[in-house]
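Take a look at the structure set out below.
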Amino acid sequence: MKPGTKLKSAVCDTEVMVIRGGADAVVECGGSLMLEQAPAERRPINPAFAQGTRIGKRYVDADGKIELLCVKAGQGSLSILGVALATKDAKPLPSSD
Amino acid sequence: MNISLVLQMAADAEPERIGLVCEGRRWSYRALLQAARAAAADISSAGCSHVALLDESSEAAAIALFGAALAGVPYVPLNYRLADPDLGSLLNRIAPAYIVGDAERIERLGPDLGHRILSRTDFLAAETASETLSSEYEPPEGIAVQLFTSGTTAAPKAAILRHANLLSYILGTVEFGAAAEEEAALVSVPPYHIAGIAALLSSVYAMRRILLLPAFDPDDWLRLAASEQATHAFLVPTMLGRVIARLDAGASADLSAMRAVAYGGGRMPTELIERALDLFPQTHFTNAYGLTETSSTIALLGPEEHRAARSSTDPDARARLGSVGRPLPTVQVEIRDEEGRPLPAGERGEIYVRGDQVSGEYRERSALDAAGWFPTRDAGWLDAQGYLFLAGRADDVIVRGGENISPGEIEDVLLAHPAIADAAAVAVPSAEWGEAVGVAVVVRPGSAAPEEEQLRALVRSRLRSSRVPERIAFLDALPYNEMGKLLRREIRALFKG
């Protein structure tokens, strides 16, 4: 999972871009594995992972090794091996251009 | 990674929000994306190696930037102020290009180069083209932008910024969609400058409406700021000086909405920033330092630091108003000596920078060292708190008998003379020392020109005798380019001639 890779949800419109990734990390959305290609047919969403994703938000795992940018929002929510990812609050910088 | 993602996300999040205003025309993010996609289809079918712009700022700059990105072709905005022979040579270097702008001039300077030439009107008309990209299309990575450096010391170099560099900068410094609906950024830097590119990308990602001024003029700037209630602006110091001069001369404009002004691109005189802070007590000022090769800003002096420095009695805190602030959290900065060894705080050397946004790459070669550090050729030092101070270009150092002399220290002393309005120190050939100090000075209007001996005595009294100018020239004005960069090579040529 190298930086810049885009992953698509199998259950909704969600798309994420990898900012920082582990070699063998597998990301799920709505309880189903995210892949570089969306499946032809959508899978049902797991209600335990249905809080939705928000465009422009960054999602991180507990130890901060994996960071994903949501580039397209959807109804599913993100997890790795069933553990929900948290949004990361960036420290705002003053606008410089 | 591809920078078109920035516009794609804004258009997905709020398609009907107005993202850009230029000469009364208002563009929603949806309309901008649609125009960029149509442009990309036309660019792809033209089969050119570059997409160029030879024009003032307009929506065409934004559409060409994102359209070229979608098509996977490097975008090369050209400096329309260049003289014909210089521009002709650049047109030759990017052939065959898809060029938008001054069609007559391009045809005259670059005939038979296989360019596809479009006027701005024709280019913008293509937005209604039927052919467009499929929604499943993934744009390629690689080179996003190629900028010719201004060449104040040598022939222009073709600096390359990859999608990954620019996107790292944007994702590292801007929060997506952070701007409130009323926020609007007045962009008056030319489209061929890195600040012009960064302004488009940052504002679209923050979803801050862009107010494009075709070319900078202080009265037009004040009018647009007032009529569109601009909340943000970026200016080079020369532009800020001209805006303040108009206000001092009695120009009136409603700048009550202006909450943040960023500046950079050249040395800010302390007098001017202090004046600006006093004139706009409610406005947040940010000093940004960066280079073309670093995808814009690498260090910032923020609003609180400006106000703290202005009101402080501590000389170190006050001096920070003359710094460019601290490096961004996403980049590393080091000061190194001539052998490339890192120097401790307080010692002057060359500024090196490393980070994902740093390209340090030219068409011909990469300037990065093995560990990824980019030697900026800017001289400077870090203070004990990590604030970065600039001390001119490393190439501008005068080497007199093996002793390195920074032009800035001599210029500061000369500017302290009440009759001197502007001063520049450069190396002049010397049989005895290899190089010696030559200074060009501009006498303040209404003042009598001081004796040369008086200026030498002033330098001798403040600095070592090696700094005393061997030659002094009195000029009506110093040569600056349109971005306020002093053209030292022209002053050096003056002493040679």
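Chains A and B supply the protein sequences, listed in that same order. Quick note, the numbering used here runs 4 ahead of the 1-based positions in the first sequence. Quick note, the numbering used here runs 219 ahead of the 1-based positions in the second sequence. Built from N, CA and C at the ideal position, the CB exists for glycine as well.
Buried versus exposed call for residue i [16 or more other C-beta atoms within 10 Å across all chains shown]
| i | result |
| --- | --- |
| B:Arg683 | exposed |
| B:Tyr356 | exposed |
| B:Leu459 | buried |
| A:Leu85 | exposed |
| B:Leu289 | buried |
| B:Arg256 | buried |
| B:Val618 | exposed |
| A:Lys76 | buried |
| B:Pro296 | buried |
| A:Leu39 | exposed |
| A:Ser83 | buried |
| A:Asp101 | buried |
| B:Glu278 | buried |
| B:Val462 | buried |
Cβ neighbours of residue i in the same chain (closer than 7 Å, five flanking residues each side left out)
| i | result |
| --- | --- |
| B:Ile389 | Val225, Leu420, Ser421, Tyr424 |
| B:Ser625 | Ala598, Ala610, Gly611, Val616 |
| B:Leu332 | Leu310, Asn311, Ala314, Pro315 |
| B:Val228 | What sits at residue 228 of chain B in the sequence shown is Met, not Val. These residues qualify, in order along the chain: Phe395. |
| B:Asp439 | Leu432 |
| B:Phe435 | Ser407, Met458 |
| B:Leu352 | Arg256, Ala259, Ala260, Leu289 |
| A:Asn50 | Gly34, Gly35 |
| B:Ser555 | In the sequence under discussion, the amino acid at residue 555 of chain B is Arg, which differs from the Ser named in the question. Pro561, Leu562, Gly568, Glu569, Tyr571. |
For residue j and residue i, believed in contact at Cβ under 8 Å, the rounded distance
| i | j | result |
| --- | --- | --- |
| A:Gly80 | A:Ala54 | 6 Å |
| B:Cys267 | B:Ala316 | 5 Å |
| B:Ala520 | B:Val543 | It should be noted that the sequence gives Leu, not Ala, for residue 520 of chain B. About 6 Å; that satisfies the 8 Å criterion. |
| B:Ala449 | B:Leu498 | Between B:Leu498 and B:Ala449 the Cβ distance is about 16 Å, and since that is not below 8 Å, they are no contact. |
| B:Ile710 | B:Val645 | 5 Å |
| B:Thr392 | B:Leu547 | 6 Å |
| B:Ala536 | B:Ala564 | With a Cβ gap of about 16 Å, B:Ala536 and B:Ala564 do not count as contacting. |
| B:Thr502 | B:Ala479 | 7 Å |
| B:Ala445 | B:Asp473 | 4 Å |
Beta-carbon neighbours of residue i, restricted to chain A and to distances below 7 Å
| i | result |
| --- | --- |
| B:Ala417 | Asp101 |
| B:Asp231 | Ile59, Lys76 |
| B:Ser515 | Asp101 |
| B:Met228 | Ile59, Gly60, Val75 |
| B:Ala414 | Asp101 |
Endpoints, alpha helix (DSSP H) assigned at residue i
| i | result |
| --- | --- |
| B:Phe499 | B:Phe499 -> no alpha helix (DSSP H), and no H or E assigned at all. |
| B:Leu224 | 223–232 |
| A:Thr18 | No alpha helix (DSSP H) holds A:Thr18; DSSP gives it neither H nor E. |
| B:Glu235 | That residue, B:Glu235, is in no alpha helix (DSSP H); it is neither H nor E in DSSP. |
| B:Lys715 | 707–715 |
| B:His382 | 382–392 |
| B:Trp440 | 437–446 |
| B:Ser680 | 671–681 |
| A:Thr57 | Element bounds for A:Thr57: n/a, residue is neither H nor E. |
| B:Arg690 | Here B:Arg690 belongs to no alpha helix (DSSP H); instead the beta strand (DSSP E) covers 690–694. |
| A:Glu71 | First-last for A:Glu71: 71–76, but that is the beta strand (DSSP E), not the alpha helix (DSSP H). |
| B:Leu697 | First-last for B:Leu697: undefined, no H or E at that position. |
| B:Phe285 | 278–290 |
Own chain, CB closer than 6 Å to residue i, minus 5 neighbours either side, in chain order
| i | result |
| --- | --- |
| B:Gly541 | Thr489 |
| B:Leu337 | Val319 |
| B:Leu385 | Ile222, Ala363, Ser514 |
| B:Ser666 | Ala638 |
| B:Ala322 | Ile336, Ser338 |
Proximity test, residue i beta-carbon vs the ligand SAM heavy atom, cut-off 6 Å
| i | result |
| --- | --- |
| A:Ser99 | The ligand SAM is not among the ligands present in this structure, which contains no ligands whatsoever. |
Start and end residues, beta strand (DSSP E) containing residue i
| i | result |
| --- | --- |
| B:Asp641 | 639–649 |
| B:Ala481 | 479–483 |
| B:Thr511 | No beta strand (DSSP E) contains B:Thr511, which DSSP labels as neither H nor E. |
| B:Phe367 | 362–367 |
| B:Pro563 | Where B:Pro563 is concerned, there is no enclosing beta strand (DSSP E), given that its DSSP letter is neither H nor E. |
| B:Glu553 | 551–555 |
Chain-ordered chain A contacts of residue i [CB-CB under 8 Å]
| i | result |
| --- | --- |
| B:Phe499 | Neighbours of B:Phe499 on chain A: none; closest Cβ ~15 Å, over 8 Å. |
| B:Met220 | Pro7, Gly8, Met21 |
| B:Leu224 | Met21, Val75 |
Sequence-distant residues of the same chain with beta carbon closer than 8 Å to residue i, five excluded per side
| i | result |
| --- | --- |
| B:Val240 | Trp246, Ala403, Arg428, Ile429, Leu430, Leu431, Glu447 |
| B:Glu689 | Val647, Ser649, Ala655, Val656, Gly657 |
| B:Ile362 | Pro293, Ile379, Leu380, Arg381, His382 |
| B:Ala280 | Leu272, Asp274, Pro296, Pro410, Gly415, Leu419, Leu431 |
| B:Ala586 | Glu512, Gly579, Glu580, Phe593, Pro594 |
Under 8 Å by beta carbon: chain B residues contacting residue i
| i | result |
| --- | --- |
| A:Pro98 | Ala479, Ala481, His503, Thr505, Leu519, Gly521, Pro522 |
Partner residues on chain B for residue i, Cβ-Cβ distance less than 7 Å
| i | result |
| --- | --- |
| A:Leu73 | Leu390 |
| A:Ala94 | Glu394 |
Residue i: contacting residues in chain A (beta-carbon distance under 9 Å)
| i | result |
| --- | --- |
| B:Phe453 | Ser99, Ser100, Asp101 |
| B:Ser421 | Ser99, Ser100, Asp101 |
| B:Ala360 | It is worth fixing the name first, because residue 360 of chain B is Glu in this sequence and not Ala. Per Cβ cutoff of 9 Å: Gly8. |
| B:Ala383 | Pro7, Gly8 |
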